[in-house]
Structure formats: C-alpha cells, structure tokens
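These notes are about the structure you will find just below.
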Amino acid sequence: MFNTSKKRWYNWYISMVAAACMVLYGYDASVFNACQNSKHWVAYFDHPSTYTLGLVNTSYNIGGIVSGFFFGGPIADRLGRRWGMGIGCFLTIVATFVQCFAPRGNLNAFIGGRVIIGLGQGIALTAGPVYIGELAPSEIRGKIMGFWQLFYSVGSFLAYWIAFATGKHTAALGDWDWKTIVIFQMMVPILICVLLPFIPETPRWYISHGNVEGARHALLQVRDTEQEVEDELLQIREALEYEREQKSTSSYKALWMDKSVRKRMEVSTVIHQLSTRESTKMPKLSTSSTLSTVPVVL
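Have a look at this one:
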C-alpha cells in the first residue's frame, strides 16, 4: 500500500527539487533549435553557415563533457550534493545572460554561453541523481528516478511552447523573439537555487565527512521511525568502510583485469551507446534547419 505519511510526501518533494535539474537539460536540448528558426537570430549573428551552426550545437557538449568528467563528481563529494546542484544552476543562469545579451554579430560570445551552460549542467546533472539515490527510500527510488527522465521532456515542452508563443509575435518582439526563449532558460535554475537551502543534505555525504549527527538529523526529516534512521546509518557506515577497504586495494586496472567488473563496465557502455545512437536529441537540435529545406506546399 502506498505510504501517505507527511515524511513520505516530503521525500517526494525534495526528490522532485533534485529531479528538476533534468529540466535544464531538456530545455537546452530544444532552445537552440528554436533560436536558429528565428530570422532575427540569424540576422543578429550575421547569417552563420551550417558548419558554424553545428559548432554552436556541439559547444554545449564540450562544456558538459569537461565538467561532468572532471568537476561534477569532485564538487559533489567535497562540497555536497546540494552545492553541486546549486553551482550547476548558478552557471546556467550566468550563461543565460551571456547568450541573451551577447553583442550583435559576436557569435563567439553566444557560443561561450553555450559552453558555460554545458559546464553548469554537467555539474548539476551529476549531483542530482546522486542526491535522489542517497536520500529517497528504496521502495520509491525507482519511481522517483522515472520522474528524472520525465523532466527532460518537461524541459523540452517548456522550450517548444515558449518558442511557439514568441513565434506568433515575432514582428512585434524583434530580437526578443529569440531572446525571450533564451532568458526563460534561467527560470527553473532560479527556482532550484531558491529551494536548495531548505532541503537536507544526504546522510551519506555527512558520514563520509565524519558528521554522524548531521546524517542522523537529515534522516530524521525523511524517515518515519528512529529505528529506520539508526538502521540506515549503520548500513551507510558499513558501506563506506567497505568502499574504503576496496579503494585501498584496487585501481582502475580492475575495469579490465577483474572479470566481474569488466562485465559491468561492458553492460553499462552498451546501454549508454544504445541510448546515444537512438539519436533522439538530433531532431531537437536541427528540426528547424532541416524542415526549412523541404519543399512542402500548404
């Protein structure tokens, strides 16, 4: 039976705050497609070539790869999962202003903003699912992570409808037909930054930094009984101790030398490659420019 206690609803609430980080990704995946469909955007940046448009598209990935690989994990581990989400959202807000108010004809500034958004989202998208996984109760964790993926579509939905609305008034809005779409990109990051100070840090992060009381306080906010809290504290401490022992005796060589670890890596790699090759993002990035070449008469 579904648990309707106040603390269970609170679990859903704080997890949705973290899952909202995925809205950033969904919005960004659709926003540039809308921008390049604007004649004002094209004129503002001196009619960029198709090769340049490809560079603008991929610049986000450059930032995302760098921050996701090098910074996302260390920031979330050292400063906390909330700080990881907060820093990522803050960078997205900064990048939104950089893109929106880039000097006329200076496409490099717009590209720089796209790179910064990639940096920010690489950090936020690393911390978000970790936060959910470490704080949500196991019996609803799968359902909550389903919302994580759903929120990608929510981001795209927002971007498309904002673009549709501005497209109806493009003559009146002028350059603001595309700037409006871009500046709304900071709507959800601002909301997340406002809410983050009022949700607990994860108990696993507290314990990994030697703060058992902080972990206990966090768990008391999201678990129904003190016994659940004490049991989970023990599990976390044992898990962290085991990981420390493993870390001292293993290295990245285990990815190739240990048969069981190698199999896990292979399965993870195949799943990721299949999801990437599905190419669901490609239409979102280039629908406008692609359909504009189709000679359809209505």
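Letter 227 of the sequence shown, counting from 1, is numbered 227 in the UniProt record's numbering, and no numbers are missing.
Using N, Cα and C, we set each Cβ at its ideal position, and we do this for glycine too.
What number of angstroms, rounded off, separates the C-alpha of residue i from the C-alpha of residue j?
i	j	result
GLN185	LYS259	44 Å
LEU191	GLN121	15 Å
TRP256	ARG264	11 Å
PHE151	ARG237	32 Å
PHE45	CYS35	11 Å
TYR27	GLN149	13 Å
VAL182	ARG141	33 Å
TRP176	THR52	22 Å
SER138	HIS47	52 Å
GLU226	LYS168	56 Å
GLY73	THR50	35 Å
LEU291	THR58	In this prediction, LEU291 scores a pLDDT of 49, lower than 50, which makes its location untrustworthy; no coordinate-derived value is stated.
ILE271	PHE71	24 Å
GLN273	GLU266	10 Å
GLN235	LYS247	18 Å
Using beta-carbon positions only, say whether residue i and residue j come within less than 8 Å of one another.
i	j	result
TYR60	GLY118	yes
SER38	THR170	yes
PRO197	ALA215	no
ALA102	PHE110	yes
GLY84	ALA76	yes
GLU232	ARG244	no
VAL130	ARG81	yes
ILE62	PRO189	no
GLY128	MET22	yes
Among residues of its own chain, excluding the 5 on either side of residue i, which ones have a beta-carbon nearer than 8 Å to its beta-carbon?
i	result
GLY68	GLY122, ILE123, LEU125, THR126
GLN221	LYS7, TYR10, PRO200
LEU107	PHE45, ASP46, PRO48, THR52, VAL56
Of the choices the options, whose alpha-carbon is the least far from that of residue i?
i	options	result
LEU24	ARG264, ALA171, CYS193	CYS193
LEU56	GLY167, ARG114, ILE183, TYR27	In the sequence under discussion, the amino acid at residue 56 is Val, which differs from the Leu named in the question. Selected option, being the one with the closest Cα: ARG114.
GLN99	GLU230, PRO137, GLY88, GLY112	GLY112
LYS7	HIS40, ILE199, LEU158	ILE199
PHE32	ALA163, LEU195, SER268, ILE207	ALA163
VAL212	VAL229, TRP41, ARG223	VAL229
ALA172	TRP12, ALA20, HIS40	HIS40
residue 302	GLY210, VAL267, TRP161, GLN273	The structure shown does not extend to residue 302, since the chain is modelled only from 1 to 298, so the question has no answer here.
ILE116	TRP161, GLY64, GLY73	GLY64
ALA218	VAL267, ALA136, GLY54	ALA136
TYR206	TYR160, LYS247, GLY54, GLU134	GLU134
What residues in its chain sit with their C-beta under 6 Å from that of residue i, if we drop five residues either side in the sequence?
i	result
ILE132	SER15, ALA18, ILE144
For residue i, collect the residues of the same chain with a Cβ closer than 7 Å to its Cβ; drop the 5 residues on either side in sequence, then sort them by chain order.
i	result
ARG104	TYR44
GLY86	CYS193, LEU196
THR166	LEU173, ASP177, THR180, ILE181
SER5	ASP224
Could you check how far apart the C-beta atoms of residue i and residue j are, in whole angstroms? I think they sit under 8 Å.
i	j	result
SER208	LEU240	6 Å
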